[in-house]
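Data block below; observations after.
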Amino acid sequence: MLTCNQWQRYVQSAMMLGFFCNGHLFRATGLPTEAALKVLVEKMGVPDIDARNRIRDTQVAADYSIERSTVKLVCCEWWAKISKRIATLEFDCVRKSMSVIVRKPTGNNRLLVKDPPRYEVDKAIEDCREAGVKVMPGGKVFSRAEPKHKQEIVRMLKQMGEIVAMTGDGVNDAPALKLADIGIAMGITGTEVAKEASDMVLADDNFSTIVSAIAEGRSIYNNMKAFIRYMISSNIGEVISISLTAVMGIPECLIPVQLLWVNLVTDGPPATALGFNPADVDIMRKPPRNSNDPLINSWLLFRYMVIGTYVGIATVGIFVMWYTQASFMGINLVSDGHTLVGLSQLRNWGECPTWSNFTAAAFTVSGGNTITFKNPCDYFSIGKVKATTLSLSVLVAIEMFNSLNALSEDNSLVRMPPWRNPWLLVAMSVSFGLHFLILYVPFLADVFGIVPLSLNEWFLVILFSAPVVLIDEVLKLIGRRSRICKKKDKTA
40 MLTCNQWQRY
50 VQSAMMLGFF
60 CNGHLFRATG
70 LPTEAALKVL
80 VEKMGVPDID
90 ARNRIRDTQV
100 AADYSIERST
110 VKLVCCEWWA
120 KISKRIATLE
130 FDCVRKSMSV
140 IVRKPTGNNR
150 LLVKDPPRYE
160 VDKAIEDCRE
170 AGVKVMPGGK
180 VFSRAEPKHK
190 QEIVRMLKQM
200 GEIVAMTGDG
210 VNDAPALKLA
220 DIGIAMGITG
230 TEVAKEASDM
240 VLADDNFSTI
250 VSAIAEGRSI
260 YNNMKAFIRY
270 MISSNIGEVI
280 SISLTAVMGI
290 PECLIPVQLL
300 WVNLVTDGPP
310 ATALGFNPAD
320 VDIMRKPPRN
330 SNDPLINSWL
340 LFRYMVIGTY
350 VGIATVGIFV
360 MWYTQASFMG
370 INLVSDGHTL
380 VGLSQLRNWG
390 ECPTWSNFTA
400 AAFTVSGGNT
410 ITFKNPCDYF
420 SIGKVKATTL
430 SLSVLVAIEM
440 FNSLNALSED
450 NSLVRMPPWR
460 NPWLLVAMSV
470 SFGLHFLILY
480 VPFLADVFGI
490 VPLSLNEWFL
500 VILFSAPVVL
510 IDEVLKLIGR
520 RSRICKKKDK
530 TA
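Numbered according to my numbering, the sequence shown spans residues 40 to 531.
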């Protein structure tokens, strides 16, 4: 015969074995508040055997429609008899399924439900503050707000010039979600009405996802500007190069088919790859931009003009240098045997038939071909094939270097190195590969009116092209210093 104490020990031992040797998990369903209360009751248990028996008997005998309500009433009555504490409890039972248990408040107990923020919320809020995004909670709590009150709060913030984003999950949040600049509904706990009224739905109900969305949105906007920055500065350079040849009166350094090749083929891969730029390292430390800010401000336009001007000068400059200079930085430019002319002769090449004693010597190009002239004046049309090739190669190379400048609007290549966007490096390789293709495949070279270049000539092309990176680095530095000074003036 077992005593009560022995029996309890056996029961406790069996319970411990059942607990530790068990892989089953309980999952709470329903409203979070009621789930928390249910877990509390399961952890505490009902401490009186008679009460447990009455509850079990009631559950068996009662109809299913009122079973849970009856059990709760029995529990309430049992606690009311043994409890001596006095407290106040205010609650509002508005759901139809609980209407059968509505009674006068007994004031027996008060339960506090702890609902701490998720682990990642603190860092997300700190990231918001660094990004210039104000978060309302924390000293700005509005309790018992009706839908019209929430609407009024959103309306007041918008009148103050703020861009308002609101989160919500209930039907009463829908009007304010609709009024906000961007309404954000909860995807898991949110009602369908709230989701319909919102602009964005959080699939994971996680605040940090909003911060990630802000960073992603800023990155997309920056990539769009990078594409525009690259294309505009490159096209400005092409326009300036054509304009310079017309103003100076020299032969055209680029023919139409070459310009079409640059615009439609070699510029395409880098421009597309800029859409895959990663976010700037300081993207979440920059203040939000005003919704009325122009896509291109005066400073950016100035930068485009400076870069474009250099592109035009470099493209035309190497063309003029081939005709007028014997060497540049130790590079022999007349090793092929072509004839040098003065700048005034080049600018007045149309008057060549009137020049007396002018002759143009034949010269060789890579591959062993020789360029000869029946008429000396053909030196400025047929004979410009080498100078045109140099101009086209400088234009292609300088635009490849310019794509590196477009990686970041403000940051130096030291902080935003090219390998952070490997697709851009691949695109640059593709563009250079296509250019080499038309240079060194004979029938393509004939189509585009160009000739192969030697190693020394490629070195000359790089010397003319690479400074575009240094120029934009200086402009970025000036822009950063200017913003720092303005920020100090505002805080002073």
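Cβ atoms here follow ideal geometry from the backbone N, Cα and C, with glycine treated the same way. Please read these numbers as outputs of a predicted model, since none were measured by experiment.
Requested in this report: Could you give the DSSP three-state label for Arg-48: helix, strand or coil?
Outcome: Position 9 of the sequence shown holds residue 48. Helix.
Requested in this report: Compute the Euclidean distance between the alpha carbons of Asn-495 and Gly-347, then round it to the nearest angstrom.
Outcome: Taking the first residue of the sequence shown as 1, we reach residue 495 at position 456. Taking the first residue of the sequence shown as 1, we reach residue 347 at position 308. Roughly 26 Å between the two C-alpha positions.
Query raised in the report: Out of curiosity, what's the CA-to-CA distance linking Lys-135 and Gly-226?
Result: The sequence position of residue 135 within the sequence shown is 96, counting from 1. The sequence position of residue 226 within the sequence shown is 187, counting from 1. In this prediction, Lys-135 has a pLDDT of 45, which is less than 50 and means its spatial position is unreliable; what the coordinates show is noted afterwards. The alpha-carbon atoms of Lys-135 and Gly-226 are separated by roughly 25 Å.
Query raised in the report: Mind checking Arg-342: buried by the 16 CB within 10 Å criterion, or exposed?
Result: As a first step, residue 342 is located in the sequence shown; it is residue number 303 there, counting from the start. Buried, because 16 or more other Cβ atoms sit within 10 Å of the Cβ of Arg-342.
Query - Length of the line joining the Cα atoms of Leu-476 and Ala-484 - result: Along the sequence shown, read from residue 1 onward, the residue named residue 476 stands at position 437. Along the sequence shown, read from residue 1 onward, the residue named residue 484 stands at position 445. Looking at the two C-alpha atoms, the distance is approximately 8 Å.
Requested in this report: Could you round the C-beta distance between Leu-196 and Thr-305 to whole angstroms and report it? I think they count as a contact, below 8 Å.
Outcome: Reading the sequence shown from its first residue, position 157 is the one you call residue 196. Reading the sequence shown from its first residue, position 266 is the one you call residue 305. Wrong, their Cβ atoms sit about 49 Å apart, outside the cutoff.
Query raised in the report: Going by DSSP, what residues sit across from Ala-224 in a beta bridge?
Result: Against the sequence shown, residue 224 aligns to sequence position 185. DSSP lists Gly-207, Val-240 as partners of Ala-224.
Query - Same chain, Cβ closer than 7 Å to Leu-443, neighbours up to 5 away in sequence not counted - result: To locate residue 443, count along the sequence shown from 1; it is residue 404. Answer for Leu-443: Leu-452, Pro-457, Val-508, listed in chain order.
Query - Sequence-distant residues of its chain with Cβ nearer than 7 Å to Arg-445 (five each side left out) - result: Locating residue 445 in the sequence shown gives position 406, where the first residue counts as 1. The sequence given here has Ala at residue 445, not Arg. Same-chain partners within the cutoff: Ala-265, Arg-268, Tyr-269, Leu-313.
Query raised in the report: If we count the other Cβ atoms within 10 Å of its Cβ and call it buried at 16 or more, is Lys-413 buried or exposed?
Result: Here residue 413 corresponds to residue number 374 of the sequence shown, with the count starting at 1. So Lys-413 counts as exposed.
Report task. Report yes or no: is there a C-beta of chain B within less than 8 Å of the C-beta of Asn-336? Result -> Of the chains in the structure shown, none is chain B; there is only one protein chain.
Query raised in the report: Would the beta-carbon of Arg-386 fall within 8 Å of that of Glu-169?
Result: Reading the sequence shown from its first residue, position 347 is the one you call residue 386. Reading the sequence shown from its first residue, position 130 is the one you call residue 169. Result no, Cβ atoms of Arg-386 and Glu-169 do not sit closer than 8 Å.
Report task. Reducing DSSP to helix, strand and coil, say where Val-354 ends up. Result -> On the sequence shown, residue 354 is found 315 positions in, with the first residue counted as 1. Correcting the residue type first, residue 354 is Thr in the shown sequence and not Val. Helix.
Requested in this report: Have a look at Arg-522 and Asp-319 and give me their C-alpha separation to the nearest angstrom.
Outcome: Taking the first residue of the sequence shown as 1, we reach residue 522 at position 483. Taking the first residue of the sequence shown as 1, we reach residue 319 at position 280. Taking the straight line joining both Cα atoms gives about 17 Å.
Query raised in the report: Which one of Ser-273, Val-286, Pro-327, Pro-317 has the shortest CA to CA distance from Leu-303?
Result: Translated into the one-based positions of the sequence shown, residue 303 becomes position 264. Minimum Cα distance to Leu-303 is reached at Ser-273.
**Report entry** Which of helix, strand or coil DSSP assigns to Thr-411
**Finding:** Residue mapping note: residue 411 aligns to position 372 of the sequence shown, counting from 1. Residue state, collapsed to three classes: coil.
Report task. Would you give the residue range spanned by the alpha helix (DSSP H) that Ile-335 belongs to? Result -> Taking the first residue of the sequence shown as position 1, residue 335 is located at position 296. It is not in any alpha helix (DSSP H) - Ile-335 carries neither H nor E in the DSSP assignment.
Report task. Within 10 angstroms of the Cβ of Lys-189, are there 16 or more other Cβ atoms? Answer buried if so, exposed if not. Result -> Taking the sequence shown and counting its residues from 1, the one referred to as residue 189 is at position 150. That one is buried.
**Report entry** Met-205, buried or exposed, once every other Cβ within 10 Å from all chains shown has been counted against 16
**Finding:** Walking along the sequence shown from the start, residue 205 turns up at place 166. Classification of Met-205: buried, given that the 10 Å Cβ count is 16 or more.
Query raised in the report: Which partner residues of Asn-371 appear in the DSSP bridge assignment?
Result: The sequence position of residue 371 within the sequence shown is 332, counting from 1. In the DSSP output, where bridge partners are listed per residue, Asn-371 has Ser-366.
Query raised in the report: Are the region 409-425 and the region 321-336 touching by the rule of at least three beta carbon pairs closer than 8 Å?
Result: no
Report task. Label Asp-212 either buried or exposed according to how many other C-beta atoms from any shown protein chain fall within 10 Å of its C-beta, with 16 as the threshold for buried. Result -> Mapped onto the sequence shown, residue 212 falls at position 173. It is buried - the Cβ of Asp-212 has at least 16 other Cβ atoms within 10 Å.
Query raised in the report: If you drop the 5 nearest sequence neighbours on each side, which residues of the same chain put their C-beta closer than 6 Å to that of Val-174?
Result: Within the sequence shown, numbered from 1, the residue matching residue 174 stands at position 135. Taken in chain order, the residues that qualify are Ile-164, Cys-167.
**Report entry** Contacting residues, own chain, Cβ-Cβ under 8 Å from Lys-187 (five flanking each side not counted)
**Finding:** On the sequence shown, position 148 is the one that residue 187 refers to. So the qualifying residues of the chain are Pro-214.
Requested in this report: Please state if the CB of Ala-426 and the CB of Thr-349 are separated by a distance shorter than 8 Å.
Outcome: Walking along the sequence shown from the start, residue 349 turns up at place 310. Walking along the sequence shown from the start, residue 426 turns up at place 387. In the sequence on display, residue 349 carries Tyr and not Thr. Cβ atoms of Tyr-349 and Ala-426: not closer than 8 Å.
Query - Given Ser-374 as reference, the closest of Ser-405, Ile-357, Asp-154, Gly-488 once Cα atoms are compared - result: Translated into positions along the sequence shown, residue 374 becomes position 335. Per the Cα distances, Ser-405.
Requested in this report: With a cut-off of 8 Å on the beta carbons, I'd call Ser-237 and Leu-216 a contact; round off their distance for me.
Outcome: If you number the sequence shown from 1, residue 237 lands on position 198. If you number the sequence shown from 1, residue 216 lands on position 177. Yes, they are in contact, since the Cβ atoms of Ser-237 and Leu-216 sit about 5 Å apart, within 8 Å.
Query raised in the report: Nearest CA to the CA of Arg-149: which residue from Leu-76, Val-193, Glu-231?
Result: To locate residue 149, count along the sequence shown from 1; it is residue 110. The shortest C-alpha separation from Arg-149 is found at Leu-76.
Query raised in the report: Would DSSP call Phe-565 helix, strand or coil?
Result: For the chain, the structure presents residues 40 to 531; residue 565 sits outside this window and is missing.
Query raised in the report: In this structure, what does DSSP give as the bridge partners for Phe-482?
Result: For the purposes of this step, residue 482 is taken as residue 443 along the sequence shown, with counting starting at 1. None, per the DSSP bridge assignment.
Report task. Return the Cβ separation of Asp-37 and Ile-249 in integer angstroms, given the expectation that the two are a contact with Cβ distance under 8 Å. Result -> One cannot answer for residue 37 here, as it falls past the ends of the chain, which runs 40 to 531.
Query - Environment of Arg-95 [buried if 16+ CB atoms lie within 10 Å] - result: Locating residue 95 in the sequence shown gives position 56, where the first residue counts as 1. For Arg-95, the pLDDT reaches just 49, beneath the cut-off of 50, and the residue's location in the model is therefore unreliable, although a value from the coordinates is still provided. With fewer than 16 other Cβ atoms within 10 Å, it is exposed.
Requested in this report: Could you check which residue in Glu-448, Thr-378, Lys-515 has the C-alpha nearest to that of Thr-398?
Outcome: For the purposes of this step, residue 398 is identified with residue 359 of the sequence shown, where counting begins at 1. Out of Glu-448, Thr-378, Lys-515, Thr-378 has the C-alpha closest to the C-alpha of Thr-398.
Report task. Using DSSP bridges, identify the partner residues of Thr-427. Result -> Position 388 of the sequence shown, counted from the start, is the residue given in the question as residue 427. The partner list for Thr-427 (beta bridge, DSSP) is empty, contrary to what the question assumes.
**Report entry** Sub-8 Å separation of Ile-322 and Ala-254 beta-carbons
**Finding:** As a first step, residue 322 is located in the sequence shown; it is residue number 283 there, counting from the start. As a first step, residue 254 is located in the sequence shown; it is residue number 215 there, counting from the start. Going by C-beta atoms, Ile-322 is nearer than 8 Å to Ala-254.
Query raised in the report: To which residues of the same chain is Ile-357 closer than 8 Å at the C-beta, ignoring the five residues directly before and after it?
Result: Working through the sequence shown from its first residue, we reach residue 357 at position 318. Once the five neighbours on either side are set aside, the close Cβ partners of Ile-357 are Ala-426, Leu-429, Ser-430, Val-433, Leu-499, Val-500, Phe-503.
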